[in-house]
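This report concerns only the one structure given below.
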Amino acid sequence: MADRAFLELAQTLCTRLCHDLSGPIGAVNSGAELLREEGDTPDPQVIALMTESAAAVTTRLRFLRAAMGTPGGRGLDPDAAHTLLDQYLAVAGGTRRPALDWSVPAHGEPPETVRPRVQALLNLCLVALEALPRADRLSVRAPSARAAQVLIGGTGQPRPGPLDAMRAGLDGPPPSGDPRDAQGAYTGVLIRALGLTVVMETDPGAVRLDLRPAGRDGSRMT
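Residue numbers for the sequence shown follow the UniProt record's numbering, beginning at 1 and rising by one.
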(Lines of atoms letter the chains of each structure in order from A and count residues from 1; the text may use other names and numbers.)
(Lines give C-alpha, C1' and ligand atoms only; values in the text may rest on other atoms or scores of the structure.)
Protein backbone atom coordinates (compact mmCIF):
# COMPACT_ATOMS: atom_id res chain seq x y z
CA MET A 1 0.00 0.00 0.00
CA ALA A 2 2.81 2.39 0.88
CA ASP A 3 4.53 1.65 -2.44
CA ARG A 4 1.32 2.50 -4.27
CA ALA A 5 0.98 5.76 -2.35
CA PHE A 6 4.54 6.84 -3.18
CA LEU A 7 4.01 5.90 -6.84
CA GLU A 8 0.91 8.07 -7.00
CA LEU A 9 2.80 10.93 -5.36
CA ALA A 10 5.55 10.65 -7.99
CA GLN A 11 2.91 10.67 -10.72
CA THR A 12 1.16 13.75 -9.36
CA LEU A 13 4.49 15.53 -8.97
CA CYS A 14 5.33 14.83 -12.60
CA THR A 15 1.91 16.12 -13.62
CA ARG A 16 2.48 19.27 -11.63
CA LEU A 17 5.97 19.87 -13.02
CA CYS A 18 4.76 19.43 -16.59
CA HIS A 19 1.95 21.90 -15.93
CA ASP A 20 4.32 24.50 -14.47
CA LEU A 21 6.71 24.28 -17.41
CA SER A 22 4.12 24.08 -20.18
CA GLY A 23 3.34 27.81 -20.11
CA PRO A 24 6.80 29.26 -20.82
CA ILE A 25 7.66 26.43 -23.19
CA GLY A 26 4.42 27.08 -25.06
CA ALA A 27 5.38 30.75 -25.34
CA VAL A 28 8.70 29.79 -26.93
CA ASN A 29 6.84 27.61 -29.43
CA SER A 30 4.40 30.41 -30.23
CA GLY A 31 7.30 32.77 -30.77
CA ALA A 32 8.93 30.33 -33.17
CA GLU A 33 5.72 30.10 -35.19
CA LEU A 34 5.50 33.88 -35.36
CA LEU A 35 9.09 34.04 -36.57
CA ARG A 36 8.27 31.69 -39.40
CA GLU A 37 5.38 33.94 -40.38
CA GLU A 38 7.59 37.04 -40.21
CA GLY A 39 10.04 35.65 -42.77
CA ASP A 40 13.32 37.56 -43.08
CA THR A 41 12.26 40.49 -40.88
CA PRO A 42 11.36 39.10 -37.46
CA ASP A 43 9.64 41.42 -35.00
CA PRO A 44 12.00 42.39 -32.13
CA GLN A 45 9.11 41.87 -29.72
CA VAL A 46 8.82 38.26 -30.84
CA ILE A 47 12.54 37.73 -30.26
CA ALA A 48 12.17 39.29 -26.80
CA LEU A 49 9.23 37.01 -26.01
CA MET A 50 11.19 33.91 -26.94
CA THR A 51 14.27 35.02 -25.02
CA GLU A 52 12.30 35.82 -21.87
CA SER A 53 10.30 32.60 -22.06
CA ALA A 54 13.41 30.46 -22.54
CA ALA A 55 15.07 32.21 -19.60
CA ALA A 56 11.99 31.57 -17.47
CA VAL A 57 12.12 27.85 -18.25
CA THR A 58 15.80 27.71 -17.34
CA THR A 59 15.20 29.57 -14.07
CA ARG A 60 12.33 27.28 -13.09
CA LEU A 61 14.31 24.16 -13.90
CA ARG A 62 17.33 25.30 -11.88
CA PHE A 63 15.16 26.03 -8.88
CA LEU A 64 13.15 22.81 -9.13
CA ARG A 65 16.37 20.82 -9.49
CA ALA A 66 17.55 22.29 -6.20
CA ALA A 67 14.20 21.82 -4.47
CA MET A 68 13.38 18.31 -5.68
CA GLY A 69 16.62 16.72 -6.85
CA THR A 70 19.33 14.90 -4.94
CA PRO A 71 20.51 17.33 -2.22
CA GLY A 72 24.17 17.27 -3.15
CA GLY A 73 24.63 20.22 -5.48
CA ARG A 74 26.09 23.66 -4.83
CA GLY A 75 22.64 25.15 -5.45
CA LEU A 76 21.71 24.13 -1.92
CA ASP A 77 24.39 26.17 -0.22
CA PRO A 78 22.50 28.93 1.65
CA ASP A 79 23.73 31.82 -0.53
CA ALA A 80 23.16 29.94 -3.78
CA ALA A 81 19.70 28.83 -2.65
CA HIS A 82 18.86 32.45 -1.85
CA THR A 83 19.76 33.45 -5.40
CA LEU A 84 17.78 30.58 -6.93
CA LEU A 85 14.68 31.40 -4.88
CA ASP A 86 14.90 35.11 -5.70
CA GLN A 87 15.19 34.35 -9.41
CA TYR A 88 12.32 31.87 -9.22
CA LEU A 89 10.06 34.44 -7.57
CA ALA A 90 10.90 36.89 -10.36
CA VAL A 91 9.60 34.56 -13.09
CA ALA A 92 6.84 32.78 -11.15
CA GLY A 93 5.35 35.73 -9.31
CA GLY A 94 4.59 37.88 -12.34
CA THR A 95 3.38 41.32 -11.35
CA ARG A 96 2.76 40.11 -7.77
CA ARG A 97 6.30 39.10 -6.98
CA PRO A 98 6.69 38.92 -3.18
CA ALA A 99 9.62 40.69 -1.56
CA LEU A 100 12.13 38.17 -0.21
CA ASP A 101 13.90 38.37 3.14
CA TRP A 102 16.43 35.52 3.45
CA SER A 103 18.60 34.95 6.52
CA VAL A 104 19.83 31.35 6.51
CA PRO A 105 23.45 31.00 7.69
CA ALA A 106 25.22 27.66 7.76
CA HIS A 107 25.86 27.96 11.52
CA GLY A 108 29.19 26.19 11.07
CA GLU A 109 27.50 22.94 10.04
CA PRO A 110 29.03 20.74 7.29
CA PRO A 111 27.48 20.89 3.80
CA GLU A 112 26.00 17.39 4.08
CA THR A 113 23.96 18.63 7.05
CA VAL A 114 23.11 22.08 5.73
CA ARG A 115 21.97 21.18 2.22
CA PRO A 116 19.07 18.84 3.10
CA ARG A 117 17.70 21.45 5.51
CA VAL A 118 18.03 24.21 2.93
CA GLN A 119 16.19 21.96 0.48
CA ALA A 120 13.42 21.52 3.05
CA LEU A 121 13.17 25.30 3.38
CA LEU A 122 12.88 25.78 -0.39
CA ASN A 123 10.01 23.30 -0.44
CA LEU A 124 8.34 25.01 2.49
CA CYS A 125 8.52 28.24 0.49
CA LEU A 126 6.68 26.56 -2.38
CA VAL A 127 3.98 25.31 -0.02
CA ALA A 128 3.63 28.76 1.53
CA LEU A 129 3.32 30.39 -1.90
CA GLU A 130 0.61 27.92 -2.85
CA ALA A 131 -1.22 28.44 0.42
CA LEU A 132 -1.24 32.23 0.00
CA PRO A 133 -1.16 33.02 -3.74
CA ARG A 134 -1.65 36.77 -3.22
CA ALA A 135 1.52 37.15 -1.17
CA ASP A 136 3.60 40.31 -1.17
CA ARG A 137 6.38 39.27 1.23
CA LEU A 138 8.24 36.07 2.03
CA SER A 139 10.65 35.69 4.94
CA VAL A 140 12.97 32.71 5.42
CA ARG A 141 15.06 32.60 8.59
CA ALA A 142 17.20 30.05 10.40
CA PRO A 143 18.12 31.48 13.81
CA SER A 144 19.89 28.25 14.78
CA ALA A 145 21.10 25.02 13.20
CA ARG A 146 18.06 23.19 14.61
CA ALA A 147 15.27 25.65 13.89
CA ALA A 148 14.04 27.63 10.89
CA GLN A 149 10.96 29.53 9.84
CA VAL A 150 9.10 30.45 6.67
CA LEU A 151 6.67 33.36 7.03
CA ILE A 152 4.55 34.62 4.15
CA GLY A 153 2.22 37.60 4.18
CA GLY A 154 -0.25 39.14 1.81
CA THR A 155 -4.00 39.28 1.32
CA GLY A 156 -6.76 36.70 1.43
CA GLN A 157 -7.47 33.59 3.44
CA PRO A 158 -4.82 30.84 3.25
CA ARG A 159 -5.78 27.86 1.08
CA PRO A 160 -6.10 24.71 3.20
CA GLY A 161 -5.26 22.21 0.44
CA PRO A 162 -1.44 22.55 0.34
CA LEU A 163 -1.20 22.63 4.14
CA ASP A 164 -3.49 19.63 4.61
CA ALA A 165 -1.43 17.70 2.05
CA MET A 166 1.77 18.54 3.92
CA ARG A 167 0.18 17.40 7.17
CA ALA A 168 -0.70 14.08 5.56
CA GLY A 169 2.84 13.67 4.21
CA LEU A 170 4.27 14.34 7.65
CA ASP A 171 2.02 11.80 9.32
CA GLY A 172 2.43 8.84 6.99
CA PRO A 173 2.21 7.62 3.40
CA PRO A 174 1.42 10.50 1.04
CA PRO A 175 -2.17 10.82 -0.14
CA SER A 176 -3.16 10.51 -3.77
CA GLY A 177 -5.25 13.30 -5.16
CA ASP A 178 -5.07 16.70 -6.77
CA PRO A 179 -1.75 17.45 -8.51
CA ARG A 180 -2.11 21.02 -7.26
CA ASP A 181 -1.48 19.73 -3.74
CA ALA A 182 1.33 17.31 -4.64
CA GLN A 183 3.92 19.86 -3.54
CA GLY A 184 2.53 19.84 -0.03
CA ALA A 185 2.53 16.05 0.19
CA TYR A 186 6.08 15.81 -1.15
CA THR A 187 7.29 18.45 1.30
CA GLY A 188 5.77 16.57 4.23
CA VAL A 189 7.42 13.31 3.19
CA LEU A 190 10.78 15.05 2.66
CA ILE A 191 10.72 16.73 6.06
CA ARG A 192 9.63 13.56 7.83
CA ALA A 193 12.52 11.67 6.20
CA LEU A 194 14.94 14.24 7.64
CA GLY A 195 13.67 13.61 11.17
CA LEU A 196 12.05 17.04 11.26
CA THR A 197 8.53 18.34 11.60
CA VAL A 198 6.56 21.52 10.93
CA VAL A 199 4.44 23.63 13.26
CA MET A 200 1.93 25.71 11.32
CA GLU A 201 0.07 28.89 12.16
CA THR A 202 -2.41 30.60 9.84
CA ASP A 203 -4.21 33.91 10.03
CA PRO A 204 -5.98 36.01 7.40
CA GLY A 205 -3.21 37.12 5.04
CA ALA A 206 -0.44 35.16 6.78
CA VAL A 207 1.06 31.67 7.03
CA ARG A 208 3.90 30.72 9.37
CA LEU A 209 5.74 27.41 9.05
CA ASP A 210 8.27 26.52 11.76
CA LEU A 211 10.76 23.76 10.94
CA ARG A 212 12.11 21.91 13.96
CA PRO A 213 13.28 18.45 15.10
CA ALA A 214 10.51 15.87 15.39
CA GLY A 215 9.52 14.51 18.79
CA ARG A 216 10.06 10.98 19.91
CA ASP A 217 6.58 10.00 18.73
CA GLY A 218 7.42 11.06 15.15
CA SER A 219 6.59 14.07 13.07
CA ARG A 220 3.51 16.02 13.96
CA MET A 221 2.04 19.16 12.45
CA THR A 222 -0.16 21.35 14.58
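Think of the CB as a built atom: it goes at the ideal place given N, C-alpha and C, for glycine as much as any other residue.
- Closest by C-alpha distance to His107, out of Leu17, Asp77, Cys125, is Asp77.
- Apart from the 5 residues on each side of it in sequence, Glu201 sits with its Cβ closer than 7 Å to the Cβ of Arg208 in its chain, given in chain order.
- Under the 8 Å Cβ criterion, the stretch 137 to 153 counts as touching the stretch 97 to 107, having at least three qualifying pairs.
- Put simply, the backbone Cα of Thr197 is about 6 Å away from that of Pro213.
- The shortest CA-to-CA distance from Gly195 to any of Asp181, Gly93, Ala120 is the one to Ala120.
- Contact annotation: Gly169 and Ala148 have beta-carbon atoms that are not nearer than 8 Å.
- Just so you know, the alpha carbons of Ala206 and Glu37 end up roughly 48 Å apart.
- The bridge partners DSSP lists for Ala135 are Gly154.
- The three-state secondary structure of Arg208, taken from DSSP, is strand.
- Short of 8 Å from the beta carbon of Asp164, and not among the five residues preceding or following it, lie these beta carbons of its own chain, in chain order: Asp181, Gly184.
- When secondary structure is reduced to three states using DSSP, Arg96 falls in the helix class.
- With at least 16 other beta carbons inside 10 angstroms of its own, Ser53 counts as buried.
- In this structure, Arg137 sits away from Thr155, with a CB-CB distance that is not shorter than 8 Å.
- A direct Cα-to-Cα measurement between Gln157 and Leu151 gives close to 15 Å.
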